[in-house]
Each structure stands twice: as structure tokens, then as C-alpha cells.
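Reviewing the structure listed below.
There are 2 protein chains.
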Amino acid sequence: MNLRRHDKPKATMRDVAWEAGVAQSTVSHYLNKTATVTPETKRKIREAIKKMDYRPNMVARNLKTRGSSILPLFVPDITNPFYSELAKGVADAARRKGFDLVLYDTGYQRNREGDYIEMALRQQAGGLVIGYNLLDERLWDRLEQTSTPAILIDVYPPNDLWSSVVVDNEEGIRIAVDYLSRLGHHDIAYLSEPPYLLPLIKRQREFIRVMKERGFEVRREWILVEKQQVNRVKIGFTLGKELLSSPLRPTAVITSSDLVAIGALNAFLSSGIKVPSEISLVGFDDIILASYVHPSLTTIRQPKFDMGQRSVEILMKLMSASDQETPVVEIIPPQLIERHSCAGVR
Amino acid sequence: MNLRRHDKPKATMRDVAWEAGVAQSTVSHYLNKTATVTPETKRKIREAIKKMDYRPNMVARNLKTRGSSILPLFVPDITNPFYSELAKGVADAARRKGFDLVLYDTGYQRNREGDYIEMALRQQAGGLVIGYNLLDERLWDRLEQTSTPAILIDVYPPNDLWSSVVVDNEEGIRIAVDYLSRLGHHDIAYLSEPPYLLPLIKRQREFIRVMKERGFEVRREWILVEKQQVNRVKIGFTLGKELLSSPLRPTAVITSSDLVAIGALNAFLSSGIKVPSEISLVGFDDIILASYVHPSLTTIRQPKFDMGQRSVEILMKLMSASDQETPVVEIIPPQLIERHSCAGVR
DNA sequence: TAATTTTATGCATACGTTTTCATGGTGGGA
DNA sequence: TCCCACCATGAAAACGTATGCATAAAATTA
């Protein structure tokens, strides 16, 4: 009854073949270049395709080839700029390989992780990109049983079965300390969110180690580590205030992440402490925000976009390998991004 | 040769049926509750499923039912916090309806838009969520021809064929002006990114209209609209500086978006102008960043998460409607989020 | 107990492709 | 002229599921 839309039934390959006066398999051969076909028939097929507005049905194709053109990405919170940049890199590389990125945002909810992995497998995903350390450790076993390859990002693999892409966390901290040191700082504090993940633990350990190695004193009251909260900016704010209440004030601060740094920055500014003239600040990650705050944040960059891309490349290799490849752990070098939150000590 | 992984072939419904000693169709009926089945057979099937570690193949299912369990979302840049929050809302609602969110990030590239829509259709997507105004207008016709329903977000539909979800832009501006007015401001400037989209045009027009209506003077040099650049924070910075160079300085500023506001904030701070004591600032959108800068930004909130959710609901209705529904344009009320970038005029 | 309805299960086909293999036609070398 | 290699096309069988329909068994009624 409604004339506005005709609702043509979708054309199938059979329709195209009929229109072109050839067999359905010939059309398939033409599309997939899986057999030679005469220029003349090519022409007819092309025209038929155009005329019928034919569009290959990927679902049927995937069923037949037992493949899948989706690439699942697991993140805890796409709203976190770290993960959205990562997602962009993964999506970009996936696209280039002909995959569609499907987003699984678990919201840090343990039970969702298992459900979402299940969904991904039902979609016949041939591999997974896991962008953070899953909360539910039992999933590693379950995943291993399905023999579905996966690549972890920013995670040190829980055992020697998994591949991953991580930034060189120790090197990042070294770069930060040495940079501040070159500016004349040696009274340096370290503020961290709860170090429940290996990357954070490594950063903290390396901070202490390198400070000692450089001959700088490390004071307990300058190593402030949050135990409870989850909101990183609030953590930074709290810890920043706490640091200011200490009788001795450092001349510089390194944080475990940019979000913590931004919180600390707000703490300092709201206490009337000038950054960077009174206190210097170095973050970690280089999320977009870092360049937006005032003063803009000097930070240790994790090349998230590149890490996303690289992870897809590795995963593709794992997926196409007939045999079990030996897992790789790829270490990406971090990079100092100099902006305006650091100054020389007077 | 490799003993570490057995690579069991995936169990199919047939395998389960065989194991349980029933017919494949019975298993299907059991799983889909499409026929009554004896408790005893249920038990056998359940056990077989567990034993074989069976997992339904969605690809086959989708082929058979000519459906699709994916929901494509188009955004220009997932890295932009506005879109990542939107994506979260869409993903959440989609999940609840049993759909997987696949992310199409066009990177503001015209030619990608068409390609990605093509990919989405090949995946047999039954509907699209389009999170921004497509650059390539020809796509509207093409989309209309395929008779695939779509829902637009933050976009006024190009014609009366499409449904959309938009915030009440005029109301948002009114709220901002009236809020500042209550604080005693009447010298208010407006800074805007290039108004190439209807929402931005509306905001600007409404600003002028409501200022006049309230009896406030609108000065040409206080309405600063960028023409060239794309980076919104830079735009804000440039415009902010430009505003300061004007002989008369307003006591308050409204911007077209939070990112512009943050740029302007940086411009003010770096010129030694105190915010909010010397100048008040109101943004638009309420992206997460708004609460992270110092001082935190008072802004007009677009409920992005809710808008994402609502759009999925509407789209689902469109998709299940056998007949062509009459398109709906849903207007969402904005909301004032009071933070610390505004002060009463002394 | 026979007739009838209800309940539980299975058979067979189709969804839109890919892919193996067979077949008829074409041309070149001897 | 005959044989063989090659080339272009097609026929047919899957891939793993949903579903209409038939059927056998059980339950109900008379």
C-alpha cells in the first residue's frame, strides 16, 4: 500500500547469473577471480550486477568459508581516551585487512567479560584483541580451550601461551626521571593509581630503582599510591593535595598516568601552586587530554594507535598460522613528549 | 605434531543431536523454544551440549533467518569524547537487544563513508546508526534506495524520510544565556567553530535572538566564528586570543562546544586572565574533559549516552515495522551543568 | 475399546555462497 | 588429420542452521 518505498527483494548471485545468462558458479568465479573468464562474459556479469544492484552476502560467504569478517576488540571503557585511541588504531588496521571492528565494552564488569567472549565466539570470530587485563582470570583457560588466538595490549601475558603488545614501561620511567634530572630536579615524587596491574607495578618499581641508581633520595612520603578509589582524576587530586600537606615538598612529580597527572595538576592549581614554576609534572600515556589542559602536560607517550595497529598484524599472523606459533611479546618504545608542565629548577 | 593444542573441530548442532540421540531439528527446537520437548530429552540435550562444548553458529543462524546480529555505528572520530560517549550508549542499548556494535570510524573522509556503508550492507545490517552528518550527501539517496532504516544522531534530517535524535540546541543556548544573566552578566560573547552543520547554525542564531530578546546588546566583535581550522581546541584558543585583543572585553563567553571552550580557557589563562573571576565561560556538550580542566567547565549537557540508547530503541522500532513508519525527530532536552568556570559579575 | 485430540519428535528443504570436478570447445604440434 | 593440452563454463555438493509438515505416541473423550 505504501508507494514510497519499493522494497525490492535483495538480488542474489543467482539472480545476477540469470540476468547475465550464465551459471551462478561463473559469477562466483568472476567475483573471486578463482577461474579465468572471457572478457565478454565479464562484461555481461558486470552489467547484470549493476542493473540488479547486487551486493554480495557476507553472511553466506562466511558460512561457506567458515571464516568471519569481524574482529572483536575488548576494552573496559571506550570513553577512556586511552582506549578510544587504541580502538582507532585497531579499527584502522582491521579495516585494511578487510575486517569489521566489533566493540565489546565491558565496563569493568567481570561477568560481562565471559558473556561477551561467548558472543564473539558465536559470531565465529577467528581471533580476539584484548585491550586490557581481564578481571576474570578463569577466562584464560576457557579461551585456551577454544584454541582461539588472541593478542593482548598493555598487558603482560598471564602465562606463556599468549602474545601481547606492551610499551616498555621501565624505559618510560627512566626517560621521565632522566628528563627531570637534566632540568636539575632530584627531589621527585611519584603518584600512582592502585597498582593492581603489572604495567603499573613495573613503573613504580623502576621509579624507585632508577632514582637510587641516579643517586637521588627516595622518600617514602613522596611515593603516594592510592588503594581505594577508581576515578583516576580524583585519585590524582587527592594524592596531589596529600603531597602538598607534606612538610617537604618535591620540585617535580611523575605520575602513573596522564589522568592522575591531570588530577594532581588541578590539586596544585587550586592550592595556588604554580605549574611548572613551583612544581614540575610529568604524566604517562599521552592521551589527547594532555595537550588540552593548561599548562599542557609533558608526558611519556605510549603510541596507542601504533600499538593497536601492530596488535592486529600480529593477530593476523597467529590466525593464519596453521601450526601453533610460539607466542610473541612485543615491546614498544615509549617517547618523551615535551610540553609545558616542566621547568628547570631555579 | 603439536601437542599443546588439540584443535578440536567445533561441534555443530548435528554433533550435539547425535550425542544426545535425537534429531538435529529437535535440538534446534529446544534451543529456540519453538516446540515443546520432554524434560528427559531436554536433559540429554543439555548434557550433550555441555559435553561437546557446543556453541551456536550465529553466521549460519543469520543466513537462515536472513537476519543479522550486528548494528553498525558511524562516527567521524571515535577519539572525540563526544562520539565515544555516544558509542557507549549505542553499544549498551544494542547489546541489550542482542546486537553487536560494529564501529565505522570514517575519520571525516568523504570516500570512506560510502565504502563503509557498503560494507555494513554486505554484512546484512538491518539498520544503521549514523552519529554525525555524512559529508557525502549523495549517500542519502543511495541509502534510501536500499530501503535500510537508519537513525541519525545530532543531525537534523536532510529530508522527511529519516528519523533522528537531536538535543534542543536553541533551548541549550537559552539556558546558558539566562544562567549568565542571573549571575549579572549581559556583556556576553559567543565563540564558534565553523557552523557548517545545522546544530551549530541554530545555536548561533538562537544566541543572537535571545540576547536581543533579553534586551542585551550583541556586538559584532563579540561573535567570533572560525572559518578555516578544524581542531576545535585550537579554534577556541585563536578565538579566545582574538577576543582579548578587542578594545571592549565581555564579562562572559558562551562557546559552541566544550572543546572550543577549553581552547578559549587556555587562551585566557595564558594571557593572565583569571577564570572565572575576570571572565566567565560556558561550554556546550559536557564531554568528560569538561570536568577535568581547571577551573572545571560549566556547560550545557547533551545527554549523549541517553541519546545513543534512545536512537537504538527508535531504530529497532523502524526495523521491525513491516510498513514504512513515519519518521520521527526526537528532541532531547539539554541540561545545565554548573561547575566552576562562571562567577557573578562584581 | 475405539475414536479423537494433543504432545513430542524427526524428515527434508532452503538460506546464498564457495569450491571441486567434469565437460565441451579451441588451437597447436606432429 | 589426429591427439593432447588448455581454456571457459557449469553442475552439484556442501557450510550450520531454522522451520513447515508429517508422523508416532500418548492422552483424552465417548
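One line per chain: the protein sequences are A and B, in this order.
Take the first sequence: its letter number 60 is residue 60 in my numbering, and every next letter is one higher.
Take the second sequence: its letter number 30 is residue 376 in my numbering, and every next letter is one higher.
The beta-carbon is built from N, C-alpha and C at its ideal position, and this holds for glycine as well.
Straight-line gap, residue i to residue j (C-alpha atoms, nearest Å)
{"i": "Ala471(B)", "j": "Arg174(A)", "result": "49 Å"}
{"i": "Leu526(B)", "j": "Thr645(B)", "result": "11 Å"}
{"i": "Asp361(B)", "j": "Arg95(A)", "result": "35 Å"}
{"i": "Ser256(A)", "j": "Gln335(A)", "result": "15 Å"}
{"i": "Thr452(B)", "j": "Ile463(B)", "result": "10 Å"}
{"i": "Asp423(B)", "j": "Glu193(A)", "result": "28 Å"}
{"i": "Val102(A)", "j": "Val448(B)", "result": "4 Å"}
{"i": "Ser147(A)", "j": "Glu483(B)", "result": "45 Å"}
{"i": "Phe305(A)", "j": "Asp154(A)", "result": "12 Å"}
{"i": "Asp178(A)", "j": "Val421(B)", "result": "40 Å"}
{"i": "Ser277(A)", "j": "Asn80(A)", "result": "30 Å"}
{"i": "Tyr104(A)", "j": "Phe445(B)", "result": "11 Å"}
{"i": "Met312(B)", "j": "Ala357(B)", "result": "This structure gives no information on residue 312(B), because the portion of chain B shown stretches from 347 to 692."}
{"i": "Ala321(A)", "j": "Arg66(A)", "result": "16 Å"}
7 Å Cβ cutoff, residue i in contact with chain A
{"i": "Val579(B)", "result": "yes"}
{"i": "Thr402(B)", "result": "Strictly speaking, residue 402(B) in this sequence is Pro, with Thr absent from that position. Answer yes: the Cβ-Cβ gap between Pro402(B) and chain A drops below 7 Å somewhere."}
{"i": "Val599(B)", "result": "no"}
{"i": "Ser510(B)", "result": "no"}
{"i": "Leu485(B)", "result": "no"}
{"i": "Pro680(B)", "result": "no"}
{"i": "Val448(B)", "result": "yes"}
{"i": "Asp405(B)", "result": "A quick correction: the sequence has Val, not Asp, at residue 405(B). At least one chain A Cβ lies under 7 Å of Val405(B)."}
{"i": "Glu572(B)", "result": "no"}
{"i": "Lys434(B)", "result": "yes"}
{"i": "Leu537(B)", "result": "no"}
{"i": "Leu615(B)", "result": "yes"}
{"i": "Ile424(B)", "result": "yes"}
{"i": "Asp514(B)", "result": "no"}
{"i": "Asp604(B)", "result": "no"}
Pair within 7 Å by beta-carbon distance, residue i and residue j
{"i": "Pro199(A)", "j": "Asn159(A)", "result": "no"}
{"i": "His340(A)", "j": "Ser296(A)", "result": "yes"}
{"i": "Ile208(A)", "j": "Pro250(A)", "result": "no"}
{"i": "Leu498(B)", "j": "Trp508(B)", "result": "yes"}
{"i": "Ala93(A)", "j": "Val312(A)", "result": "yes"}
{"i": "Met404(B)", "j": "Arg232(A)", "result": "no"}
{"i": "Glu221(A)", "j": "Ile235(A)", "result": "no"}
{"i": "Ile254(A)", "j": "Tyr190(A)", "result": "yes"}
{"i": "Ala406(B)", "j": "Leu63(A)", "result": "yes"}
{"i": "Gly127(A)", "j": "Pro149(A)", "result": "yes"}
{"i": "Ala598(B)", "j": "His531(B)", "result": "yes"}
Selection from the options that minimises the alpha carbon distance to residue i
{"i": "Glu19(A)", "options": "Thr79(A), Val253(A), Arg46(A), Ile279(A)", "result": "Arg46(A)"}
{"i": "Arg419(B)", "options": "Ala466(B), Lys650(B), Glu659(B)", "result": "A quick correction: the sequence has Leu, not Arg, at residue 419(B). Taking only the C-alpha atoms, the option nearest Leu419(B) is Ala466(B)."}
{"i": "Ala381(B)", "options": "Thr372(B), Thr387(B), Val421(B)", "result": "Thr372(B)"}
{"i": "Arg560(B)", "options": "Ser592(B), Ala522(B), Gln575(B)", "result": "Ala522(B)"}
{"i": "Lys286(A)", "options": "Lys10(A), Leu86(A), Asn32(A)", "result": "Going by the sequence as given, residue 286(A) is Asp instead of Lys. When only C-alpha atoms are compared, the closest one is Leu86(A)."}
{"i": "Glu113(A)", "options": "Gln204(A), Ile130(A), Phe268(A)", "result": "Ile130(A)"}
{"i": "Thr387(B)", "options": "Asp446(B), Val368(B), Lys548(B), Leu590(B)", "result": "Val368(B)"}
{"i": "Ala607(B)", "options": "Ile619(B), Leu627(B), Leu594(B), Ser592(B)", "result": "Leu627(B)"}
{"i": "Ala343(A)", "options": "His29(A), Val275(A), Ile223(A)", "result": "Val275(A)"}
{"i": "Lys443(B)", "options": "Lys434(B), Phe428(B), Leu417(B), Asn457(B)", "result": "Leu417(B)"}
{"i": "Leu259(A)", "options": "Ile49(A), Phe82(A), Met13(A)", "result": "Phe82(A)"}
Min CB distance residue i to chain B below 7 Å
{"i": "Ile262(A)", "result": "yes"}
{"i": "Asn359(A)", "result": "One cannot answer for residue 359(A) here, as it falls past the ends of chain A, which runs 1 to 346."}
{"i": "Arg122(A)", "result": "yes"}
{"i": "Ala93(A)", "result": "no"}
{"i": "Pro9(A)", "result": "no"}
{"i": "Ile287(A)", "result": "no"}
{"i": "Asn159(A)", "result": "no"}
{"i": "Asp154(A)", "result": "no"}
{"i": "His294(A)", "result": "yes"}
{"i": "Asn266(A)", "result": "yes"}
{"i": "Val16(A)", "result": "no"}
{"i": "Lys97(A)", "result": "no"}
{"i": "Glu47(A)", "result": "no"}
{"i": "Glu85(A)", "result": "yes"}
Cβ-Cβ separation, residue j to residue i (assumed contact under 8 Å), whole Å
{"i": "Ser270(A)", "j": "His640(B)", "result": "7 Å"}
{"i": "Leu664(B)", "j": "Glu671(B)", "result": "6 Å"}
{"i": "Gly240(A)", "j": "Ala267(A)", "result": "3 Å"}
{"i": "Val511(B)", "j": "Glu676(B)", "result": "5 Å"}
{"i": "Leu224(A)", "j": "Glu242(A)", "result": "6 Å"}
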